[in-house]
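Oh and the sequence shown: position 131 is 131 in full-length UniProt numbering, straight run, nothing missing.
Worksheet: the structure to be examined is printed underneath.
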Amino acid sequence: MKWCGPEVEVEGIVSLKTGGCPEDCHFCSQSGLFTSPVRAVWLDIPSLVEAAKQTAATGATEFCIVAAVRGPDKRLMDQMREGVKAIRAAVDIQVAASLGMLTQEQVDELVEMGVHRYNHNLETCRSFFPNVVTTHSWEERWGTLKMVRDSGMEVCCGGILGLGETIEQRAEFAAQLAELDPHEVPMNFLNPRPGTPLGDQPVVEGKDALRAIAAFRLAMPRTILRYAGGREITLGDLGTRDGLLGGINAVIVGNYLTTLGRPATEDLALLEDLKMPVKALSATL
1 MKWCGPEVEV
11 EGIVSLKTGG
21 CPEDCHFCSQ
31 SGLFTSPVRA
41 VWLDIPSLVE
51 AAKQTAATGA
61 TEFCIVAAVR
71 GPDKRLMDQM
81 REGVKAIRAA
91 VDIQVAASLG
101 MLTQEQVDEL
111 VEMGVHRYNH
121 NLETCRSFFP
131 NVVTTHSWEE
141 RWGTLKMVRD
151 SGMEVCCGGI
161 LGLGETIEQR
171 AEFAAQLAEL
181 DPHEVPMNFL
191 NPRPGTPLGD
201 QPVVEGKDAL
211 RAIAAFRLAM
221 PRTILRYAGG
231 REITLGDLGT
241 RDGLLGGINA
251 VIVGNYLTTL
261 GRPATEDLAL
271 LEDLKMPVKA
281 LSATL
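Take a look at the structure:
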């Protein structure tokens, strides 16, 4: 409350390109290298606009377009350009993107499109990363994030807790994120996906998740900490409330990319009960 006040930022996300990713992130059912049931599919522009409208109707101020790729090719960038233009014409909402690793030219293109914020998660600390991903490096992700930050776009960067890291490595991760100084940190808790290498990993205990939220808040007092995937199974209703009182000041409402979330109405009712108003749409970056 001291650093951020009572307002909570609400966001919805949708996948423009789902599945068929060539990378081997061990937690992800969208990798084409695993036997998970997710299959590749592209979302058309009218469906993208409709999803943005539904997100705005919940009171959300941010709509994030996500693609399961190593990095965007020309087809994806063209579709992003068309999609952002169509969304802006149809609904008053800020547009964010998460398209994997970028070149400087692609960063510049996204800025020119009017993309407000870019999400690219480091996923875990530098020392543990090779246990989770082998097809690219932590340093490659860091390079994209530095280009995004230097471009003037807001940086959204977080990760997943419960991948098998130690408590010390969670602390290392919090410190590395603090060094990056992102505008927003999505906090995911592993929801083990069938067919992935981490499919049998145990779920993070609620008390450990709440301690992590508090620790990340202490490490990054002014940063937006956003509830993301896995909080429903890790924290449940009571834990979700406790996390909002213990450091979380943003939420993703509705469903995630390949897993179901809580109904947006439940989250909005909880915020009203806690007297934590939804942050108004900002016209400036």
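Here a beta-carbon is modelled for each residue, glycine too, at the ideal position from N, C-alpha and C.
Asked, Found
"Could you spell out where the alpha helix (DSSP H) holding residue 241 opens and where it closes?", "231-245"
"Per DSSP, what kind of secondary structure is residue 318 in: helix, strand or coil?", "The chain is shown only over 1 to 285; residue 318 falls outside these bounds and no answer can be derived."
"List the endpoints of the continuous beta strand (DSSP E) containing residue 163.", "It is not in any beta strand (DSSP E) - residue 163 carries neither H nor E in the DSSP assignment."
"Closest to residue 188 by C-alpha separation, out of 93, 216, 84, 270, would be which residue?", "216"
"For a cutoff of 9 Å on Cβ pairs, would you count residue 248 as touching chain C?", "Within the model displayed, chain C is absent; a lone protein chain is all it includes."
"So for residue 167, helix, strand or coil by DSSP?", "helix"
"Out of 110, 103, 31, point me to the one whose CA is closest to residue 64's CA.", "110"
"Going by beta carbon distance, what residues of the same chain come within less than 8 Å of residue 136, once the five residues before and after it are set aside?", "23, 70, 101"
"What's the call for residue 279, buried or exposed, on a 16-neighbour Cβ count within 10 Å?", "buried"
"Apart from the five residues on each side of it in sequence, which residues of its chain come closer than 8 Å, Cβ to Cβ, to residue 228?", "158, 186, 187, 188, 252, 256"
"For residue 199, I'd like the list of residues in its chain whose CB is within less than 7 Å of its CB, leaving aside the five on either flank, ordered along the chain.", "192, 193"
"Starting from the C-beta of residue 179, find all residues in its chain whose C-beta is less than 8 Å away, skip the five residues before and the five after it, and write them out in chain order.", "none"
"Is it buried or exposed, residue 75, if we count other Cβ atoms within 10 angstroms and call 16 or more buried?", "exposed"
"Rounded to a whole number of angstroms, what is the C-alpha to C-alpha distance between residue 197 and residue 27?", "7 Å"
"Between residue 99 and the rest of its own chain, which residues show a CB-CB distance below 6 Å, the 5 nearest in sequence each way excluded?", "67, 72"
"For residue 273, which option in 117, 241, 247, 145 has the closest C-alpha, if you only look at C-alpha atoms?", "241"
"For residue 129 versus residue 164, is the C-beta spacing smaller than 9 Å?", "no"
"Near residue 154, what residues of its chain come up, given a Cβ to Cβ distance below 6 Å and the 5 sequence neighbours on each side ignored?", "117, 183"
"Could you check if residue 267 is buried or exposed, using at least 16 other CB atoms within 10 Å of its CB as the buried criterion?", "buried"
"Express the C-alpha separation of residue 190 and residue 29 in angstroms, rounding to a whole number.", "12 Å"
"What span of residues does the beta strand (DSSP E) with residue 98 cover, start to end?", "94-98"
"Quick one: grab the DSSP three-state call for residue 225.", "strand"
"Got a sec? Which residues, its chain only, sit under 6 Å from residue 6 by beta carbon, not counting five neighbours each side?", "276"
"Express the C-alpha separation of residue 49 and residue 291 in angstroms, rounding to a whole number.", "Limits of the chain in this structure are 1 at one end and 285 at the other, which puts residue 291 out of reach."
"Report, in whole angstroms, the separation of the C-beta atoms of residue 304 and residue 204, which I expect to be a contact under 8 Å.", "With the chain covering 1 to 285 only, the question about residue 304 has no answer from this structure."
"Is residue 249 helix, strand or coil by DSSP?", "coil"
"Just how far apart, CA to CA, sit residue 115 and residue 173?", "27 Å"
"Taking just the CA atoms, how far does residue 166 sit from residue 148?", "29 Å"
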